[in-house]
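So the sequence lines, in the order shown, correspond to chains A and B.
My numbering puts the first residue of the first sequence at 9, with every later residue one more than the last.
My numbering puts the first residue of the second sequence at 9, with every later residue one more than the last.
Below is one structure, written out as structure tokens; the observations come after it.
2 protein chains.
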Amino acid sequence: MPLGKRTDCGDAKYSGVQVAFASDITASLQEHLDAGFDFVTAPLINPEAVCKSIPADSIQLPYAHDDILLVAPRYSNQVVGIASAWREPDASDAGEKRLSGAQALRLELEWASHMSLQACILPMPQGRSCAHLACVLNQVINGLSNTSMWLKVPLRPAASTGTTVSAGDPWRAWNSVRSLCNHSSKLGALLEVQAEVPPLQEVLRWHGEPVKALLLPTNAFLTNKRGYPTLSRAHQELLTRFFQMGVQVVLSGESRHSAPSAAPATPAENGFPTPSGSGSASTVAAGNGVAAEVHPLQPYHEYLSYLFRRPPLPAGQEEMEIGYRDYLQVPLQPLQDNLELQTYETFERDTPKYTAYEEAIHDALLDRVPQSEAATRTTVLMVVGAGRGPLVKAALSAARRTERRLKVYAIEKNPNAVVTLHRLIAAERWEDQVTIVAVDMRSWRAPEQADILVSELLGSFGDNELSPECLDGAQRFLAPGGISIPCAYTSHLHPIASAKLWGEVQGYNDLEHYETPYVVKMHRFTPLSPPQPVFSFHHPTKDPHPDNARSTSLTFPRDGLPAALCHGLAGYFDTQLYGNVILSIHPQTHTEDMHSWFPIYFPLKEPLLCPAGAAIEAHIWRCSANHKVWYEWALTEPSVSAIHNPNGRSYFVGL
Amino acid sequence: MPLGKRTDCGDAKYSGVQVAFASDITASLQEHLDAGFDFVTAPLINPEAVCKSIPADSIQLPYAHDDILLVAPRYSNQVVGIASAWREPDASDAGEKRLSGAQALRLELEWASHMSLQACILPMPQGRSCAHLACVLNQVINGLSNTSMWLKVPLRPAASTGTTVSAGDPWRAWNSVRSLCNHSSKLGALLEVQAEVPPLQEVLRWHGEPVKALLLPTNAFLTNKRGYPTLSRAHQELLTRFFQMGVQVVLSGESRHSAPSAAPATPAENGFPTPSGSGSASTVAAGNGVAAEVHPLQPYHEYLSYLFRRPPLPAGQEEMEIGYRDYLQVPLQPLQDNLELQTYETFERDTPKYTAYEEAIHDALLDRVPQSEAATRTTVLMVVGAGRGPLVKAALSAARRTERRLKVYAIEKNPNAVVTLHRLIAAERWEDQVTIVAVDMRSWRAPEQADILVSELLGSFGDNELSPECLDGAQRFLAPGGISIPCAYTSHLHPIASAKLWGEVQGYNDLEHYETPYVVKMHRFTPLSPPQPVFSFHHPTKDPHPDNARSTSLTFPRDGLPAALCHGLAGYFDTQLYGNVILSIHPQTHTEDMHSWFPIYFPLKEPLLCPAGAAIEAHIWRCSANHKVWYEWALTEPSVSAIHNPNGRSYFVGL
């Protein structure tokens with residue numbers, strides 16, 4: 009049964025258990041399902057046969073017994089195969105010829121695929137045999153439809169980490185195999201947790217990797233005062249992190265804790281508290297009052313269930329965004345296209361954003377109009393890109409609170425939004441204060457000049473929806489000394505590892521998608537260095553012919569960080585609306601609960617291996633031509649990529 | 009006028025000279041053409057204007073005067089532009105806004121393209137500005153049709169070489185720019201020779217690069233005892249090497265040697281000997297008896313002409329192969345396809361090969377049949393894949409020489425070749441000795457067993473035309489203790505740099521071509537480490553079920569070697585025919601004058617940067633399935649490539 013009902017952890021709710029080879033796998037499976045687990049991982053072949061090695065003319069390995077075929081649909085969902093650690097036959101195996109390790113492995117993987125198992129676990133090869141395993145694996149993977157391959161990788165404990173011992177870094181072996189297999193989406197990692205807990209940095213580097221499951225040995229468990237299994241705080245945190253990445257747990261090893269009573273204790277009795285509203289999920293299978301025999305691994309399942317259910321459920325905005333995790337969207341082009349109703353609705357619900365705008369306008373009104381002139385002096389405020397009116401509302405609310413006189417022009421080019429805007433003004437009886445101007449701001453001739461120009465034209469990367477060009481154009485409406493809200497914004501960028509995001513791009517299988525930036529709620533990724541500022545813009549500008557082309561080179565230090573594969577750059581922005589009122593989607597300064605913007609992701613055509621400690625040098629250009637603006641980007645350290653998107657050939661924003 | 013008439017050096021026969029900015033470029037050009045040069049390299053812009061920098065609203069730079077347009081066709085062939093070394097305007101250039109270096113460079117490069125100049129020379133950027141120059145260059149390159157871009161790169165002299173100072177390695181900067189420009193075929197290097205000669209290793213690394221021209225300063229010249237310019241032996245070797253790679257020379261700098269007489273000396277009088285049969289080409293322009301004024305650079309041109317003409321002209325096979333240099337061919341599949349007449353003719357002309365076969369058969373006959381049995385014992389020899397009969401001829405010739413009795417079966421599946429074979433036998437009256445068997449050897453049932461099995465089924469990589477499979481099959485014709493000629497063969501492989509070969513593959517713009525090995529007369533390439541043995545096969549085999557699948561991992565040490573870009577692997581083979589009779593296309597043991605096989609080239613999808621001294625680890629697999637054999641290959645050091653050609657998806661040899 010699932011570990012809990014939460015929806016924010018994907019398939020992590022299904023837990024597995026590693027079982028020994030059994031000739032009657034159906035019985036073994038049922039026994040473990042009864043103990044609460046959802047699937048088992050089981051050797052496909054009798055290990056004794058592996059030791060003896062197989063005659064070369066064998067075309068059929070000694071698989072677990074045949075009647076598994078009778079329950080194939082169930083088997084495929086509930087059994088993950090474990091491939092044997094084939095070794096090459098000894099040279100001393102004279103006489104009868106033996107099947108080579110590669111041949112045997114291929115037969116075994118093809119069997120797993122034939123059975124439509126959800127996955128098959130492979131042992132991590134040592135040293136040079138990496139390439140040979142990868143060759144077999146890559147050939148098989150190219151023909152897979154349902155089955156995934158999970159490569160078993162030990163999670164390196166603290167003692168062996170550090171930047172100097174990269175030769176012993178299991179991530180490197182993993183990276184070799186998946187690179188040799190051309191980053192196939194069919195290949196994932198099964199992380200082997202050790203009794204010793206790895207340092208946080210070692211855990212974080214796997215967030216960007218396709219980890220499919222954790223293998224958790226029973227000897228990693230401690231015993232609580234009531235004799236039940238429990239985990240150290242560090243192991244708890246480890247599991248919680250991976251649960252949140254949607255990573256399943258597979259328990260391995262013998263039970264080391266006897267279940268004290270036949271009628272088992274509830275979790276609270278076990279010594280760990282029951283999270284509110286989730287007690288029933290941990291009730292054991294044999295809860296019918298009959299004194300059933302408890303499976304020795306059942307207390308472990310109960311503990312995992314407790315851990316799984318413990319973190320608070322996501323609420324509000326966070327809950328809404330679950331469905332958007334790692335989902336790539338091409339950025340909006342509001343200047344070129346008209347937004348849809350639903351888009352307006354989503355954005356208008358972003359209360360923190362409009363509260364900040366109201367504060368900015370509030371402060372600007374107080375600064376501009378002293379109390380003595382409050383009743384006599386009218387401030388002219390223009391909203392460029394008024395949409396369905398949220399900034400008009402914010403402005404009028406600020407005026408009310410400050411008791412300043414305000415005249416508002418609401419300029420909006422989308423005729424559909426203007427319909428709603430008219431209704432809002434009529435319903436609120438704001439006709440005296442608000443003038444709706446249903447034109448493209450670029451062609452409007454204003455009847456008077458504005459004291460304050462308010463806009464919300466920023467994209468995930470700040471300038472990427474052409475705010476600089478629009479506001480430079482709209483500046484002609486602004487009186488000398490007038491205020492632009494926002495008055496400045498800056499983009500930020502850093503390199504990331506994210507097999508997930510890159511894999512989505514690879515799936516399109518064309519150049520264009522590698523040369524397009526995406527708006528995406530990044531979830532399974534690892535930052536490779538903190539973000540750095542990229543391009544800044546200020547409004548109003550004093551330059552009569554402002555040049556909004558930009559270019560910059562950024563060096564991202566990675567001292568003390570382990571080797572990683574860079575899959576691209578992640579971008580953010582922050583903006584100063586007015587005075588000390590700012591909005592930010594920069595991870596370190598993110599405006600609380602604001603949801604209008606996800607980060608932006610610039611992919612690389614080829615992921616780039618970054619050795620331990622090696623800095624990354626990135627370059628980005630904001631280019632413009634007559635009717636378009638676009639970005640180009642490249643890496644030059646630790647090695648050199650091609651420049652992506654020359655001349656905006658794959659992606660540009662139309663002016 | 010061209011430096012000489014030789015055909016083996018491509019466009020190297022055209023030499024250029026670097027001239028200063030001239031408002032009347034037509035006159036300047038004519039003056040230098042009269043001195044013997046074929047083209048000039050000239051600044052496109054008055055350097056004084058560059059120093060002052062250009063106002064930002066300029067859309068036209070101060071180009072060399074306008075009437076060059078009147079002679080555009082001539083201009084485009086005979087002038088290579090030199091772009092200015094634009095610097096960014098100083099921040100202190102207050103007041104009027106200045107064109108940025110990038111903007112000015114773009115205008116200049118686009119002007120060169122507009123003029124259809126054959127090329128435009130760019131200065132090598134320093135440090136980080138590499139990426140910014142590359143961005144402009146890459147954008148312009150994507151729109152080029154006729155014009156090439158030559159990046160000026162200093163040829164590093166001995167003092168600054170070594171593996172430790174890669175930061176100061178100009179090749180690294182070159183490599184960054186061309187990688188950022190995605191290895192465009194429009195981008196080449198102009199190598200700046202210094203007065204100090206570089207070490208050989210530094211010269212060799214440029215063989216694999218798209219070097220378009222050498223820039224040779226007059227101050228690199230010495231003075232001979234008659235007062236004429238001459239070069240040191242090291243500089244001579246440098247030029248000769250690059251001439252043979254088709255690289256042009258551009259002379260730069262003032263004349264440092266006065267031409268002693270108005271009626272100039274012939275080269276012999278200048279103190280350097282005239283190569284036989286090429287004296288006329290160096291006769292000066294004003295050779296009409298009139299005392300014309302000699303251009304001060306003319307003696308340099310004469311010396312270059314002498315150097316160009318000095319090496320012996322290629323003859324025979326070497327001359328024939330000129331047209332095949334760096335020309336990619338997909339390997340033959342003689343088992344699947346029937347060879348054409350012309351292919352047979354080409355191969356049959358390979359005297360060294362058939363001489364070796366005759367020697368091998370000769371030795372085998374003597375070993376098998378003692379003199380005492382010479383008249384009584386008949387040796388049965390089968391030629392499997394007899395083609396039009398060259399091995400039949402060689403066998404009969406060996407029999408004659410050894411005075412041994414021989415019975416020959418000539419097995420050939422190509423009905424077209426059999427026609428010629430019948431005519432040969434009839435013409436030579438060999439009907440009693442030779443039986444023609446016009447079948448596929450795989451389906452033949454032999455009437456008796458052979459003592460010797462002779463075949464020529466090897467490809468450029470030894471086993472790549474399925475010799476192992478064919479000979480294993482034909483082994484059933486062979487009597488116990490019988491001999492196979494060849495009795496063994498081994499393939500060899502090493503990593504190479506070759507922008508030329510890789511560029512040819514890139515031109516196809518699809519995955520398949522990156523996953524195909526090519527037979528090619530490699531010319532513009534640099535070996536990155538000596539070849540190492542790969543796969544060996546022996547015949548006859550004792551194994552009743554021989555497994556011809558193979559895999560191997562090779563580590564290529566590069567201690568002391570500079571950084572390089574690996575474009576793929578080059579393959580060769582050698583074979584033991586019998587005893588000590590071998591054939592080889594391995595560069596270090598190549599059979600003299602044998603021309604039947606060019607090397608084989610395995611490309612990489614992405615060229616791989618190898619730091620100075622870093623070893624390269626490569627893997628190759630020979631795989632087989634029911635009806636096909638194919639190779640897969642990958643690199644894992646210094647970084648990891650994907651495995652190429654999984655399951656033979658792009659290339660295989662049909663069984």
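No residue lacks a Cβ here, since even glycine has one placed at the ideal position from N, Cα and C.
Looking only at its chain, what residues have a beta carbon closer than 7 Å to the beta carbon of residue 514(B), apart from the 5 residues adjacent to it on each side?
191
Figure out for me which residue from 91(B), 398(B), 355(B) and 407(B) has the closest Cα to the Cα of residue 376(B).
407(B)
Should residue 643(A) be flagged as near chain B, meaning a C-beta pair shorter than 7 Å?
no
Note down the Cα distance separating residue 123(A) from residue 51(A), rounded to an integer number of angstroms.
14 Å
Using a Cβ-Cβ cut-off of 7 Å (strictly less than) and excluding sequence neighbours within five positions of residue 243(B), which residues of its own chain qualify?
Here the set comprises 205 and 228.
Mind checking whether residue 461(A) and residue 492(A) have CB atoms under 7 Å apart?
yes
Which residue or residues does DSSP assign as beta-bridge partners of residue 195(B)?
157(B)
Which residues mark the beginning and the end of the beta strand (DSSP E) in which residue 328(B) is found?
Careful: residue 328(B) lies outside any beta strand (DSSP E), inside the alpha helix (DSSP H) at 324-328.
Do you know how far the Cα of residue 108(B) is from the Cα of residue 96(B)?
C-alpha separation (whole angstroms): 5 Å.
Is it the case that the Cβ atoms of residue 17(A) and residue 337(A) are separated by a distance below 7 Å?
Their beta carbons are not under 7 Å apart, which means residue 17(A) does not touch residue 337(A) by this criterion.
Just checking my contact of residue 396(B) with residue 365(B) at CB under 8 Å: how many whole Å lie between their CB atoms?
About 15 Å separates the beta carbons of residue 396(B) and residue 365(B), which is beyond the 8 Å limit, so they are not a contact pair.
Starting from the Cα of residue 572(B), find the closest Cα among 585(B), 184(B) and 327(B) and give me that residue.
Looking at 585(B), 184(B) and 327(B), the one whose alpha-carbon comes closest to that of residue 572(B) is 184(B).
Which residues of the region 587-619 of chain A have a Cβ closer than 8 Å to any Cβ of chain B? Give them in chain order.
Cβ contacts with chain B: 614 and 617.
Looking only at its chain, what residues have a beta carbon closer than 8 Å to the beta carbon of residue 649(B), apart from the 5 residues adjacent to it on each side?
Excluding positions up to five away in sequence, the list reads 612, 613, 614, 616, 642 and 643.
Leaving out the 5 sequence neighbours to the left and right, which residues in its chain are closer than 7 Å to residue 312(B) when beta-carbon positions are compared?
11, 23 and 257
Taking 6 Å as the limit between beta carbons, can you name the residues of its chain near residue 508(A), skipping five residues before and five after?
334 and 532
Does chain B have any CB closer than 7 Å to the CB of residue 648(A)?
yes
Please list the segments of the beta strand (DSSP E) lying wholly inside the region 393-474 of chain A, counting only runs of 3 or more residues, in order along the chain.
Runs of the beta strand (DSSP E) inside the region 393-474 of chain A: 413-419, 442-445 and 458-463.
What does residue 629(A) touch in chain B if you count any residue whose Cβ is under 7 Å from its own?
143
Tell me residue 640(B)'s beta-bridge partners as DSSP assigns them.
629(B)
If the criterion is Cβ atoms closer than 7 Å, does the pair residue 189(A) and residue 146(A) meet it?
yes
Report, in whole angstroms, the separation of the C-beta atoms of residue 528(B) and residue 609(B), which I expect to be a contact under 8 Å.
About 5 Å; that satisfies the 8 Å criterion.
Within 10 Å of its beta-carbon, does residue 173(B) have 16 or more other beta-carbons around it, so buried, or fewer, so exposed?
Residue placement at residue 173(B) cannot be trusted, given a pLDDT of 41 that sits under 50; what the coordinates show is reported in the next sentence. The residue in question, residue 173(B), is exposed, as its Cβ has fewer than 16 Cβ neighbours within 10 Å.
If the cut is a Cβ gap below 9 Å, which residues of chain B does residue 544(A) touch?
Under the 9 Å cutoff, chain B gives no residues; its nearest Cβ is about 16 Å from residue 544(A).
For residue 450(B) and residue 481(B), which I take to be in contact (beta-carbon distance under 8 Å), what is that distance rounded to the nearest angstrom?
5 Å
Once the 5 residues before and after residue 554(B) are set aside, which same chain residues still bring their CB inside 8 Å of it?
476 and 480
Flag residue 139(A) as yes if its beta-carbon sits less than 7 Å from any beta-carbon of chain B, otherwise no.
yes
Taking C-beta pairs closer than 7 Å, name the residues in chain B that residue 654(A) reaches, listed in chain order.
Chain B residues near residue 654(A): 146, 147 and 150.
Beta carbon of residue 566(B), beta carbon of residue 626(B): below 7 Å?
no
Would you decide whether residue 151(B) is buried or exposed? Buried here means 16 or more other CB atoms lie within 10 Å of its CB.
Exposed, because fewer than 16 other Cβ atoms sit within 10 Å of the Cβ of residue 151(B).
Using the C-alpha atoms, what's the distance from residue 197(B) back to residue 127(B)?
Between the C-alpha atoms of residue 127(B) and residue 197(B) there is a straight-line separation of about 11 Å.
Helix, strand or coil, according to DSSP, for residue 586(A) in the structure here?
strand
Report the three-state DSSP secondary structure of residue 45(B) (helix, strand or coil).
Reduced to three states, the DSSP call for residue 45(B) is coil.
Tell me, please, whether the CB atom of residue 188(B) is closer than 7 Å to any CB atom in chain A?
yes
Can you tell me whether residue 511(B) is helix, strand or coil according to DSSP?
helix
What does DSSP give as the partner residue(s) for residue 660(B) in the beta ladder?
Partner(s): none; residue 660(B) has no beta bridge.
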